[in-house]
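Engineer: Here it is: the structure, laid out below.
The following block contains the structure:
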């Protein structure tokens, strides 16, 4: 799904700083994994998921927008780590994101290449001569971090420069919920783990010197052995969690920059796990 509309240059300025440095893939948890932890984000070659897509107005009222078909198709290597490509089809558009899982959690690759040339000198100058060395960037989003105990939280993505936090995606686990969904082959009730995501973008204003913040939120419901059965919230967060963070697709310093905007809901209607 790709809903592209206007977003402020502020948000793009912060996002674009990801191009300034590279970072290796990370397991961003310090807690040792529990041996009995189960899989809430299966990443299997050949698996296929179909979701109903609704746009949401300010009151949360849904309007049917179509369906997304997600297929896990092939592997690629980024920074020495294998990722499984997920090909998403929605409304005639095809998008590809890259995912990996370990005993510690599930991760989504963020393509930050190709942005360096787009960063204006004025923004680099704001951080001084050593700005390239001062900026720390993650190259993947930590979608899940085990164990999924209610109340547990983790840092899912960070871009920092000196003492500034430019972009921060934080995740927290809510108490388990039962969700009954109308699948194509009949109703089914899932015991789910809801995870709340909050994306905060704080870009320094190169004119005033003060940081301005914007926050975007989403929530995903994960079922054991199935994965995401429902996700809803701000499109920009869904965009990141879908693995569609591709720098070459946009220039945030254009007069009218673009990025996903609005709110959406995706609800599982059918799935096929690979044998």
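Residue numbers (our numbering): 981 to 1255.
Just so it is clear, CB atoms sit at the ideal spot from N, CA and C, and this is done for glycine as well.
#1: Excluding five sequence neighbours on each side, which residues of the same chain lie with their C-beta closer than 7 Å to the C-beta of residue 1252?
#2: Counting C-beta neighbours from all protein chains within 10 Å, is the total for residue 1125 16 or more, i.e. buried, or is it exposed?
#3: How many angstroms separate the CA atom of residue 1076 from the CA atom of residue 1056?
#4: Between the region 1156-1163 and the region 1132-1142, can you find at least three pairs of beta-carbon atoms closer than 8 Å?
#5: Three or more C-beta pairs under 8 Å: does that hold for the region 1171-1185 against the region 1194-1206?
#6: Under the DSSP definition of a beta bridge, which residues are partnered with residue 1245?
#7: Using the three-state DSSP reduction, which class does residue 1020 fall into: helix, strand or coil?
#8: If you run the structure through DSSP and keep just helix, strand and coil, what is residue 1254?
#9: Output the distance between the C-alpha atoms of residue 1149 and residue 1088, rounded to the nearest integer angstrom.
#10: For residue 1022, which residues from the same chain have a beta carbon less than 6 Å from its beta carbon, with the 5 sequence-adjacent residues on both sides left out?
#11: Between which two residues does the beta strand (DSSP E) carrying residue 1067 extend?
#12: So what does DSSP say about residue 1217, is it helix, strand or coil?
#13: When you compare only the Cα positions, how much space is there between residue 1078 and residue 1041?
#14: CA-CA distance, residue 1213 and residue 1194?
#15: Measure the alpha-carbon distance for residue 1014 versus residue 1127 and round it to whole angstroms.
#16: Quick check: what's the CA-CA separation for residue 1098 versus residue 1198?
#17: Below 6 Å CB to CB, which residues in the same chain sit around residue 1006 once its five sequence neighbours on both sides are set aside?
Structural biologist: Result, derived from the coordinates:
#1: 1027 and 1028
#2: buried
#3: 12 Å
#4: No, they do not touch.
#5: yes
#6: Under DSSP, residue 1245 shares a beta bridge with 1034 and 1212.
#7: Secondary structure at residue 1020: coil, using DSSP grouped into helix, strand and coil.
#8: Here DSSP, grouped into helix, strand and coil, assigns residue 1254 to coil.
#9: 13 Å
#10: The beta carbon of residue 1022 is closer than 6 Å to those of 1207 in its chain, skipping five residues each way along the sequence.
#11: 1061-1070
#12: helix
#13: 31 Å
#14: 15 Å
#15: Low confidence applies here, because residue 1014 scores a pLDDT of 46, under 50, leaving its location unreliable; read the following figure in that light. The straight-line gap from Cα to Cα measures roughly 7 Å.
#16: Confidence in residue 1098 is poor, its pLDDT being 46 and thus under 50, which makes the residue's placement unreliable; the coordinate value appears in the next sentence. Cα to Cα, residue 1098 sits roughly 29 Å from residue 1198.
#17: Per-residue confidence for residue 1006 stands at a pLDDT of 46, beneath the threshold of 50, marking its modelled position as unreliable; the derived number appears in the next sentence. Within its own chain, no residue has a Cβ closer than 6 Å to the Cβ of residue 1006 once the five positions on either side in sequence are excluded.
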